[in-house]
Amino acid sequence: MARKLFALLLPAIAGALFASAAARAQDLPRLERQGNRYSLIVDGQPYFELGAQVNNSSGWPDQMAKLWPPAAAMHVNTLEVPVYWQQMEPREAAFDFSAVDGILAQARRHHVRLILLWFGSWKNGKSHYVPDWVKDDPQRFPRVYTRQGQPIDVLSPNAPANLAADAKAFAALMGHLKQTDGAQHTVILVQVENESGILGSVRDFSPRAQKLIDAAVPAAIVSALHTKNGTWRQVFGDDADEAFAAYSIASYVDQVAGAGKRELPLPMYANNWLKSPRGFPIATVPGVDYPSGGPTSNMLDMWKAAAPHIDILSPDIYVPNTGRYVQVMRSFHRPDNPLFIPETDGFGGFPNSEGYARNLFLAIGEGAIGFSPFGLDHLSLTRGKGGAPDYEAEGMAENYRLLGSFSGILAKLQFAGKIQTAVEEPGLSQRELRLGRWNALVSFPPSYDPPPPSLSPEQSLHMGRVLIAPLAPDEFLVAGIDCRVQFRLPPPSPGKQTQLLRVEEGHYDGGEWKFDRLWNGDETDHGLNFGSPGTVLHVKLGTY
Ligand code: DGJ
Numbered sequence: 278m279a280r281k282l283f284a285l286l287l288p289a290i291a292g293a294l295f296a297s298a299a300a301r302a303q304d305l306p307r308l309e310r311q312g313n314r315y316s317l318i319v320d321g322q323p324y325f326e327l328g329a330q331v332n333n334s335s336g337w338p339d340q341m342a343k344l345w346p347p348a349a350a351m352h353v354n355t356l357e358v359p360v361y362w363q364q365m366e367p368r369e370a371a372f373d374f375s376a377v378d379g380i381l382a383q384a385r386r387h388h389v390r391l392i393l394l395w396f397g398s399w400k401n402g403k404s405h406y407v408p409d410w411v412k413d414d415p416q417r418f419p420r421v422y423t424r425q426g427q428p429i430d431v432l433s434p435n436a437p438a439n440l441a442a443d444a445k446a447f448a449a450l451m452g453h454l455k456q457t458d459g460a461q462h463t464v465i466l467v468q469v470e471n472e473s474g475i476l477g478s479v480r481d482f483s484p485r486a487q488k489l490i491d492a493a494v495p496a497a498i499v500s501a502l503h504t505k506n507g508t509w510r511q512v513f514g515d516d517a518d519e520a521f522a523a524y525s526i527a528s529y530v531d532q533v534a535g536a537g538k539r540e541l542p543l544p545m546y547a548n549n550w551l552k553s554p555r556g557f558p559i560a561t562v563p564g565v566d567y568p569s570g571g572p573t574s575n576m577l578d579m580w581k582a583a584a585p586h587i588d589i590l591s592p593d594i595y596v597p598n599t600g601r602y603v604q605v606m607r608s609f610h611r612p613d614n615p616l617f618i619p620e621t622d623g624f625g626g627f628p629n630s631e632g633y634a635r636n637l638f639l640a641i642g643e644g645a646i647g648f649s650p651f652g653l654d655h656l657s658l659t660r661g662k663g664g665a666p667d668y669e670a671e672g673m674a675e676n677y678r679l680l681g682s683f684s685g686i687l688a689k690l691q692f693a694g695k696i697q698t699a700v701e702e703p704g705l706s707q708r709e710l711r712l713g714r715w716n717a718l719v720s721f722p723p724s725y726d727p728p729p730p731s732l733s734p735e736q737s738l739h740m741g742r743v744l745i746a747p748l749a750p751d752e753f754l755v756a757g758i759d760c761r762v763q764f765r766l767p768p769p770s771p772g773k774q775t776q777l778l779r780v781e782e783g784h785y786d787g788g789e790w791k792f793d794r795l796w797n798g799d800e801t802d803h804g805l806n807f808g809s810p811g812t813v814l815h816v817k818l819g820t821y
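Residue 726 in my numbering is what sits at position 449 of the sequence shown, and the numbering runs on without skipping anything.
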């Protein structure tokens with residue numbers, strides 16, 4: 278009887294399973310746009326990447342196995358991991374997906390999403406990750422030639438055989454992901470190449486490339502960039518070599534991405550070695566100081582025109598100060614380009630990294646949809662036996678612990694354009710945020726009574742930070758670390774005094790606010806004092 282019933286129901290069960298697998302497959306991670314704001318949608322919901330990128334040689338299952346403890350200590354929700362063309366296609370057309378399969382399985386066990394980085398034709402302006410059979414056959418897979426006629430260790434972007442081989446391998450990877458992850462969505466985003474561009478020459482000077490640069494600029498580029506018609510030299514003058522390199526590389530990367538998307542249309546991005554990390558634009562030389570032809574700030578329009586399959590052009594931000602950090606974010610954040618930061622000052626003592634934990638809040642304030650410090654392998658939350666804690670790494674972990682507790686809400690508020698942030702900088706002790714009828718005066722560090730004799734080690738890194746978002750009229754979510762927030766009515770507000778009606782400390786559980794306790798007295802009388810570890814508050818304001 279039971280068997281009969283099962284046989285009767287089998288088609289319906291299979292249909293339902295098939296329908297839900299199909300629905301999940303349709304619900305692939307994607308980018309959505311509302312006005313000028315973007316969000317990465319994962320499993321139907323806005324998603325904010327609280328990420329870390331592993332070291333360059335860690336995209337191997339055995340190596341990755343060592344990185345889950347630091348990933349957990351960091352509270353990441355996403356890891357960025359390379360996939361090497363060299364490893365994946367050791368012999369032409371013989372693909373080995375064991376590394377990517379091993380990494381997927383580990384990520385799922387640890388409930389962490391992945392962003393895969395395709396180390397194909399370009400990696401930091403060089404071609405060191407191409408398979409040996411490509412490296413060994415420069416006749417078939419031509420290199421860039423310098424102005425002096427020397428071949429270098431970079432594949433030519435003007436050689437169709439190079440493009441065809443890379444596109445075929447990348448399509449194989451995406452086809453494999455379709456089989457293994459099409460319904461599960463462990464991989465939410467894919468980076469195509471890594472800091473593409475040419476180091477060692479401004480462009481390819483081979484006879485083949487020379488013929489192309491002497492020809493007319495393609496009509497689609499003339500029309501998209503609103504330039505005149507003519508050869509590359511006539512149209513771009515002194516910038517012709519770099520513009521030609523950018524066009525050549527962007528259209529190559531576009532075709533690689535397109536071949537991958539035909540298999541599995543995940544959102545894709547290209548990351549960028551900045552043209553002038555320190556902000557001296559005139560002093561930098563393409564092909565010498567930075568890879569020529571990558572999606573640098575001066576080539577964004579070219580890349581947008583030539584690489585429509587690339588959804589995001591992303592800056593890798595390793596810069597020395599907050600002002601420059603903001604400048605870089607603003608040059609990449611445009612109505613046609615979401616702000617996504619796939620690499621930034623990270624673990625292990627990069628020279629610029631002092632106080633980098635503040636940068637996440639800066640990025641959120643600028644509308645970022647994801648953020649990922651580089652070099653998880655270097656993470657040590659304590660520096661050696663009995664050594665001083667690594668306060669910067671702890672600060673970053675503290676960010677992720679705090680924001681990770683409500684990352685879904687954070688992503689939704691971000692998509693709605695509701696979040697404002699304030700961060701501390703050396704020499705900057707106060708900032709004021711305008712929040713509709715209210716202002717929030719944010720002070721760094723938080724005030725104490727009596728004042729402390731000296732700053733704590735964390736405070737001396739000037740990493741105070743806060744995020745504020747309206748939840749309802751006169752009600753705010755405030756998540757802060759090492760700062761003080763005072764809400765007030767901006768002048769003139771004659772006869773009106775501000776009062777805190779209710780300040781709830783709490784946490785989110787499955788997207789629901791859970792109240793833990795009320796703040797009052799010393800916790801509120803002189804402003805809301807946030808220490809470290811940080812706190813999430815719901816604040817209700819009133820007047821009398
Ligand atoms: C930027 C590159 O994109 C990364 O792969 C890595 O090389 C970092 N620089 C830092 O070393």
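All C-beta atoms in this analysis are idealised placements derived from N, C-alpha and C, irrespective of residue type, glycine included.
Check whether the Cβ atoms of residue i and residue j sit closer than 9 angstroms, and answer yes or no.
i, j, result
"residue 719", "residue 761", "yes"
"residue 362", "residue 408", "yes"
"residue 613", "residue 651", "no"
"residue 690", "residue 738", "no"
"residue 704", "residue 723", "no"
"residue 490", "residue 521", "yes"
"residue 358", "residue 331", "yes"
"residue 356", "residue 348", "yes"
"residue 329", "residue 792", "no"
"residue 475", "residue 583", "no"
"residue 547", "residue 473", "yes"
"residue 319", "residue 465", "yes"
"residue 375", "residue 419", "no"
Specify, as a first and last residue, the run of the beta strand (DSSP E) that residue i falls within.
i, result
"residue 511", "Unbroken run through residue 511 is the alpha helix (DSSP H), 509-513; no beta strand (DSSP E)."
"residue 356", "355-361"
"residue 545", "545-550"
"residue 498", "Run containing residue 498: none in the beta strand (DSSP E); it sits in the alpha helix (DSSP H), 496-502."
"residue 430", "428-432"
"residue 806", "805-807"
State the DSSP-derived secondary structure class of residue i, mapped to helix, strand or coil.
i, result
"residue 813", "strand"
"residue 422", "strand"
"residue 745", "strand"
"residue 403", "strand"
"residue 584", "coil"
"residue 377", "helix"
"residue 790", "strand"
"residue 596", "coil"
"residue 338", "helix"
"residue 485", "helix"
"residue 283", "Residue confidence for residue 283 is low, a pLDDT of 47 falling below 50, so the modelled location carries little weight; the figure read from the coordinates is stated next. Of the three classes helix, strand and coil, the one that applies to residue 283 here is helix, per DSSP."
"residue 836", "Summary: the structure shown does not reach residue 836, with the chain confined to residues 278 through 821, and so no result is reported for it."
"residue 798", "helix"
"residue 821", "coil"
"residue 416", "coil"
"residue 461", "coil"
"residue 646", "coil"
"residue 493", "strand"
"residue 693", "coil"
"residue 609", "helix"
"residue 517", "helix"
"residue 371", "strand"
Where do the ends of the alpha helix (DSSP H) carrying residue i lie?
i, result
"residue 457", "437-458"
"residue 394", "First-last for residue 394: 390-400, but that is the beta strand (DSSP E), not the alpha helix (DSSP H)."
"residue 346", "345-351"
"residue 618", "Taken as a continuous stretch (DSSP letters only), residue 618 belongs to no alpha helix (DSSP H), being part of the beta strand (DSSP E) at 618-621."
"residue 639", "635-642"
"residue 412", "409-412"
Would the beta-carbon of residue i be found less than 8 angstroms away from any heavy atom of the ligand MG?
i, result
"residue 690", "This structure lacks the ligand MG; the ligands present are the ligand DGJ."
Only counting runs of 3 or more residues, tell me where the beta strand (DSSP E) segments fall wholly within the stretch 300-334, in order along the chain. 307-311, 314-319, 322-324 and 326-330
So which residues put a beta carbon under 6 angstroms from any heavy atom of the ligand DGJ, going in chain order? 333, 401, 471, 472, 593, 620 and 651
Report the start-end ranges of each alpha helix (DSSP H) in the stretch 649-685 that is 4 residues or longer and not cut off at the edges. 668-681
Taking only runs that begin and end inside the stretch 697-783, name each unbroken beta strand (DSSP E) of 3 or more residues, in chain order. 697-700, 707-712, 715-720, 742-749, 752-758 and 760-765
Where in the stretch 520-578 do unbroken runs of the alpha helix (DSSP H), each at least 4 residues long, occur, reported from the N-terminal end onward? none
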